[in-house]
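In this note's numbering, the protein residues as written are 421 to 495. All remarks here apply to the structure that follows.
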Ligand SMILES: [Zn+2]
């Protein structure tokens with residue numbers, strides 16, 4: 421089982437909007453907190469020395485530890 425990197429396994433994300441803080445359901449894992457290895461997700465990471473996200477990948481969830489600035493997006 422792969423923990424959802426977007427919500428860190430919580431199933432929701434905290435959104436900060438000016439002074440307000442809101443809770444939103446995680447749309448990457450559908451509030452499950454984990455990812456389906458058989459599903460495909462939009463993912464991106466930085467490949468070079470800059471922090472620019474310049475690598476994009478559509479496929480099964482990757483290991484966030486292996487990629488710089490790893491991001492996973494809702495479908
Ligand atoms: Zn999630």
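Each residue gets a CB set at the ideal place from its N, CA and C atoms; glycine is no exception.
So, using beta-carbon positions, are residue 473 and residue 466 closer together than 7 Å? Here residue 473 is taken as the residue at index 53 of the chain shown, counted from 1. Here residue 466 is taken as the residue at index 46 of the chain shown, counted from 1. The answer is yes: Cβ separation under 7 Å.
Contact check, residue 462 vs residue 478 under 8 Å by CB: the rounded distance? To locate residue 462, count along the chain shown from 1; it is residue 42. To locate residue 478, count along the chain shown from 1; it is residue 58. Residue 462 to residue 478, Cβ: 6 Å. Contact.
According to DSSP, is residue 466 helix, strand or coil? Residue 466 sits at position 46 when you count from the first residue of the chain shown. Strand at residue 466.
Give the straight-line distance between the Cα atoms of residue 457 and residue 451, rounded to the nearest whole angstrom. The count along the chain shown starts at 1 and reaches residue 457 at position 37. The count along the chain shown starts at 1 and reaches residue 451 at position 31. Using only the alpha carbons, I get a separation of about 16 Å.
Are residue 494 and residue 448 touching if we call contact CB-CB under 7 Å? In the chain shown, the residue the question calls residue 494 occupies position 74. In the chain shown, the residue the question calls residue 448 occupies position 28. Yes, the Cβ-Cβ distance between residue 494 and residue 448 is below 7 Å.
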